[in-house]
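Residue numbers (the numbering used here), protein chains in the order written: chain A, 49 to 241; chain B, 676 to 872.
Report on the following structure.
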């Protein structure tokens, strides 16, 4: 079983390209087919993984390893999911330092840099559109749109933006502040209103 | 291998920096970009701002977990093999520890309402962070009609279609190569012996 766990998570680590949630279907296929987690358990865990720090792939690997074989299992699956990245990038980093000034490499990067900026901008858009507009609401009019807006989240975003950009906060401080605001707005305030 | 004291200190800083990054990265690979930018580029000046974008590009286009790819790459750039190993361990250990604990108390964790409230706030905060990273990078980008077009196309396709981002990165790479090829031919025709810029 340990070998099976190792091979499966090595495969997941290797075939995850583009990262993030693009790998969920692959994980689902492998983990559910092996009977390691049910689909429902996996869905629950995805929700938990969203509210814990760290790369999603590492989180799910640790979780499945822990469920199947305790701490040794978790260490095994985590190593397995990280190993392909580590080996491939180590190789690329070594080669890249020698070829960085090569004009073909420069040409390729010239085209890829704006893609990366565009992708990060798209990530902002996606987070805003899913986070600030209520889920599963059908929007037919301007009124529907305003009714669906998640005002508290938007207020946290505005306060966060202000303090972050105005005072050039450390990113970690901003995360702690927004966590506190979350507890204040969603936990404390509803007790009074 | 014998390490000098200075190297040891640097390795330790690489580890603690990535440990922090692993601990405070919520919501996937993109969320670690602002932290890396802040710690690696602005605070420690280990890597220049224009090089970090190349590393992100390569880390995203390479198979594997983006966060680990980035950590390994940055670690290697900063302090060679040991740097990459410590950066990777640093970024993974917080996850490993936290998730192992959660796996033990999974039911209890799910019912912690206050954790849920905190994370609703954190999700809004993460949007601010990533927005800040885009702004910073956009300020340093080189703008030609071609790169602006690629940027806008990428944003549109990634936001409004389900296209796998690997195709976008490949598309950008191929476009860049073709552009370089065309540029090369032009310079060859005009000035044969001039050095490549």
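Note that CB positions come from ideal geometry on N, CA and C, so glycine has one too.
Extent of the continuous alpha helix (DSSP H) to which residue i belongs
i: residue 727/B; result: 724 to 736
i: residue 146/A; result: 104 to 147
i: residue 213/A; result: 199 to 215
i: residue 223/A; result: 219 to 231
i: residue 767/B; result: 741 to 779
i: residue 681/B; result: 680 to 699
i: residue 721/B; result: That residue, residue 721/B, is in no alpha helix (DSSP H); it is neither H nor E in DSSP.
i: residue 61/A; result: 50 to 63
i: residue 80/A; result: 72 to 81
i: residue 238/A; result: 237 to 240
Supposed contact pair residue j and residue i - C-beta distance, whole angstroms, cut 8 Å
i: residue 134/A; j: residue 749/B; result: Incorrect: roughly 13 Å between the Cβ atoms, too far for contact.
i: residue 50/A; j: residue 155/A; result: Not a contact, Cβ separation roughly 45 Å.
i: residue 64/A; j: residue 109/A; result: Their Cβ separation, rounded to whole angstroms, is 11 Å, which puts residue 64/A and residue 109/A out of contact at 8 Å.
i: residue 55/A; j: residue 812/B; result: Going by Cβ atoms, the distance from residue 55/A to residue 812/B rounds to 38 Å, so no, they are not a contact pair.
i: residue 805/B; j: residue 709/B; result: 6 Å
i: residue 775/B; j: residue 53/A; result: About 15 Å separates the two Cβ atoms, so there is no contact after all.
i: residue 714/B; j: residue 692/B; result: 5 Å
i: residue 94/A; j: residue 74/A; result: Residue 94/A to residue 74/A, Cβ: 13 Å. No contact.
i: residue 90/A; j: residue 80/A; result: 7 Å
i: residue 138/A; j: residue 751/B; result: 6 Å
i: residue 690/B; j: residue 761/B; result: 4 Å
i: residue 131/A; j: residue 803/B; result: Contact doesn't hold; Cβ gap of about 34 Å is too wide.
i: residue 784/B; j: residue 96/A; result: 7 Å
i: residue 841/B; j: residue 833/B; result: 11 Å between Cβ atoms; not a contact.
i: residue 231/A; j: residue 778/B; result: Actually they are not in contact, since the Cβ atoms of residue 231/A and residue 778/B sit about 25 Å apart, beyond 8 Å.
i: residue 727/B; j: residue 712/B; result: 7 Å
i: residue 816/B; j: residue 212/A; result: Wrong, their Cβ atoms sit about 21 Å apart, outside the cutoff.
i: residue 145/A; j: residue 773/B; result: Rounded, the Cβ-Cβ distance is 34 Å, inconsistent with contact.
Per DSSP, the bridge partner or partners of residue i
i: residue 181/A; result: 197/A
i: residue 101/A; result: 701/B
> On the three-pair Cβ rule with 8 Å, is the stretch 156 to 170 of chain A touching the stretch 751 to 767 of chain B?
Replying inline: no
> Are at least three pairs of beta-carbons, each pair with one atom in the stretch 229 to 238 of chain A and one in the stretch 783 to 794 of chain B, less than 8 Å apart?
Replying inline: yes
> When the Cβ atoms of the stretch 143 to 154 of chain A are set against those of the stretch 766 to 776 of chain B, are three or more pairs found closer than 8 Å?
Replying inline: no
> Does the count of Cβ pairs from the stretch 685 to 692 of chain B and the stretch 804 to 823 of chain B closer than 8 Å reach three?
Replying inline: no
>> I'd like the ranges of any alpha helix (DSSP H) spanning at least 4 consecutive residues and lying wholly in the stretch 775 to 837 of chain B.
In response: 781 to 785, 788 to 815 and 820 to 835
>> Below 8 Å, how does it come out for the stretch 163 to 180 of chain A and the stretch 196 to 208 of chain A: are there three or more Cβ pairs, yes or no?
In response: yes
>> Quick check: the stretch 728 to 738 of chain B against the stretch 119 to 129 of chain A, are at least 3 beta-carbon pairs closer than 8 Å?
In response: no
> Does the pairing of the stretch 827 to 834 of chain B with the stretch 690 to 699 of chain B give three or more beta-carbon distances under 8 Å?
Replying inline: no
> Would you say the stretch 219 to 227 of chain A touches the stretch 799 to 816 of chain B, given that touching needs at least three Cβ pairs under 8 Å?
Replying inline: yes
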